Amino acid sequence: MGHRMWIAAWAILLAGLAVGQTGSAGPAGRTVLEEGRLIIYFRNAEVGFEKYVLARQPDGRMVMETESELVLPRGAGNTFFAYQTKEIMDDKFNPIEYTDNFTVNDRPSNVYVTFSGGKANDSAIMGGQALSRTAKVSADFRILEEAVFSQYALILRKYGHSREPNVPIRLYIPKIAQELGGKISFSGEQKVTTPLGEMTLRRFFIDVGGFQGVAVGVNERNQLMEMTITRQELTLVRDLAYDMKQALPAAPAAQ
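If you use the working numbering, the sequence shown corresponds to residues 413 to 667, in order.
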């Protein structure tokens with residue numbers, strides 16, 4: 413499920429993306445900058461998906477919306493997870509507002525956070541308990557939830573310009589209302605040969621709080637192509653068929 417799986421599909425994918433994957437009109441006047449679908453694997457078995465849309469609003473703010481479902485084996489049974497998130501950011505990917513509605517085995521929870529004045533103020537219902545919390549946040553940080561994988565792409569958009577190792581980053585975890593330290597390191601570039609020529613896959617390693625490492629690969633458009641979270645035994649790869657479907661022109665309306 414690494415880079416080799418992309419070789420046969422790169423030409424088709426990039427041709428489709430060039431048709432109109434980015435910069436298309438969205439609802440309420442938003443401009444869709446990127447959208448995609450990730451396939452989630454646990455120990456090489458497909459267990460779920462995550463869809464995401466990154467758009468620019470008419471007021472210049474950015475918005476990321478995600479939807480995901482996955483089933484993971486836990487003990488003698490399985491645990492079902494479902495997430496719907498929405499984050500509003502400024503044009504530098506600094507969080508302004510975040511909403512996370514999620515269920516674990518059909519038990520609903522939600523978190524709503526606003527960020528201003530160096531503070532994160534939230535209202536949440538988790539495990540049937542209502543919470544209202546305030547936490548200090550750094551001037552420069554990104555949001556990260558454990559099972560919202562598209563957020564790693566925003567981390568790279570904000571911090572992935574450096575080629576230095578162990579660049580310090582700050583990550584706010586909404587469920588625990590706490591900010592953690594982390595590091596991002598550029599791991600190298602890999603040329604992938606396709607019928608359209610050579611394409612470059614850029615690789616990064618993100619350390620989250622010193623207890624979780626995530627290997628991420630993105631293409632030249634900063635689109636998330638693959639991810640490995642060794643501690644959780646998870647691998648994610650981009651759904652090329654979904655990209656192609658989104659790039660196709662809409663069918664004409666029936667007469």
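Glycine included, every Cβ here is placed at the ideal spot set by N, Cα and C.
Since this is a predicted model, take the numbers as computed values, not measurements.
Residue i versus residue j - alpha carbon distance
{"i": "tyrosine 564", "j": "alanine 653", "result": "22 angstroms"}
{"i": "threonine 642", "j": "isoleucine 618", "result": "12 angstroms"}
{"i": "tyrosine 495", "j": "valine 475", "result": "16 angstroms"}
{"i": "alanine 640", "j": "alanine 542", "result": "Looking at the sequence provided, one finds threonine at residue 640 rather than alanine. Roughly 34 angstroms separates the two Cα atoms."}
{"i": "asparagine 522", "j": "phenylalanine 492", "result": "16 angstroms"}
{"i": "leucine 608", "j": "phenylalanine 616", "result": "Any answer about leucine 608 is weak, because its pLDDT of 44 lies below 50 and its placement is not dependable; what the coordinates show is given next. The straight-line gap from Cα to Cα measures roughly 25 angstroms."}
{"i": "leucine 646", "j": "aspartate 518", "result": "22 angstroms"}
{"i": "proline 586", "j": "aspartate 534", "result": "8 angstroms"}
{"i": "serine 599", "j": "histidine 573", "result": "12 angstroms"}
{"i": "valine 626", "j": "valine 620", "result": "8 angstroms"}
{"i": "methionine 501", "j": "glycine 472", "result": "9 angstroms"}
{"i": "glutamate 446", "j": "asparagine 490", "result": "32 angstroms"}
{"i": "lysine 498", "j": "threonine 511", "result": "5 angstroms"}
{"i": "serine 562", "j": "isoleucine 537", "result": "23 angstroms"}
{"i": "glycine 539", "j": "valine 649", "result": "31 angstroms"}
{"i": "lysine 603", "j": "methionine 611", "result": "6 angstroms"}
{"i": "threonine 606", "j": "leucine 613", "result": "For threonine 606, the pLDDT reaches just 44, beneath the cut-off of 50, and the residue's location in the model is therefore unreliable, although a value from the coordinates is still provided. Their backbone Cα atoms lie some 12 angstroms apart in a straight line."}
{"i": "glycine 441", "j": "asparagine 456", "result": "40 angstroms"}
{"i": "valine 483", "j": "serine 528", "result": "35 angstroms"}
{"i": "methionine 656", "j": "valine 628", "result": "22 angstroms"}
{"i": "alanine 467", "j": "valine 525", "result": "20 angstroms"}
{"i": "lysine 375", "j": "asparagine 513", "result": "Residue 375 lies beyond the range of the chain shown here (413 to 667); nothing can be said about it."}
{"i": "aspartate 503", "j": "phenylalanine 454", "result": "34 angstroms"}
{"i": "glutamine 469", "j": "valine 444", "result": "9 angstroms"}
{"i": "arginine 575", "j": "valine 630", "result": "14 angstroms"}
{"i": "phenylalanine 461", "j": "glutamate 558", "result": "15 angstroms"}
{"i": "glycine 370", "j": "isoleucine 588", "result": "As shown, the chain starts at 413 and ends at 667. That puts residue 370 outside it, with no answer to give."}
{"i": "isoleucine 452", "j": "serine 480", "result": "10 angstroms"}
{"i": "valine 459", "j": "leucine 450", "result": "11 angstroms"}
{"i": "phenylalanine 505", "j": "valine 560", "result": "16 angstroms"}
{"i": "glycine 448", "j": "glycine 530", "result": "32 angstroms"}
Endpoints, the beta strand (DSSP E) within which residue i is located
{"i": "leucine 556", "result": "It is not in any beta strand (DSSP E) - leucine 556 carries neither H nor E in the DSSP assignment."}
{"i": "glutamine 496", "result": "489-501"}
{"i": "alanine 457", "result": "457-468"}
{"i": "arginine 683", "result": "Given that the chain is displayed from residue 413 to residue 667, the structure contains no residue 683 and the question cannot be resolved."}
{"i": "glutamine 624", "result": "624-630"}
{"i": "threonine 640", "result": "636-641"}
Identified DSSP bridge partners for residue i
{"i": "isoleucine 588", "result": "According to DSSP, isoleucine 588 bridges with nothing at all."}
{"i": "serine 597", "result": "Phe617"}
{"i": "tyrosine 510", "result": "Glu499, Val525"}
{"i": "serine 480", "result": "Glu462, Tyr495"}
{"i": "serine 544", "result": "Ser535"}
{"i": "proline 580", "result": "Lys595"}
{"i": "phenylalanine 454", "result": "Ala457, Leu646"}
{"i": "methionine 656", "result": "Answer by DSSP bridge pairing: none, since methionine 656 is not bridged."}
{"i": "leucine 604", "result": "Strictly speaking, residue 604 in this sequence is valine, with leucine absent from that position. BP columns for valine 604 point to Met611."}
{"i": "arginine 486", "result": "Gly489"}
{"i": "valine 549", "result": "DSSP, once it has assigned bridges, lists no residue as partnering valine 549."}
{"i": "arginine 473", "result": "Arginine 473 is not bridged to any residue."}
{"i": "arginine 449", "result": "Lys463"}
Unbroken alpha helix (DSSP H) run spanning residue i, endpoints
{"i": "arginine 569", "result": "563-571"}
**Request:** Say whether the region 561-578 touches the region 632-652, bearing in mind that this needs 3 or more beta-carbon pairs closer than 8 angstroms, one atom from each stretch.
**Result:** yes
**Item:** In chain order, each beta strand (DSSP E) run of at least 3 residues that lies wholly inside the region 512-541
**Value:** DSSP assignment within the region 512-541 yields the following whole beta strand (DSSP E) runs of 3 residues or more, N-terminal first: 519-528, 531-538.
**Message:** For the region 550-564 against the region 575-582, do three or more pairs of beta-carbon atoms, one drawn from each stretch, fall closer than 8 angstroms, so that the two count as touching?
**Reply:** The region 550-564, when compared against the region 575-582, does touch it at the 8 angstroms Cβ threshold.
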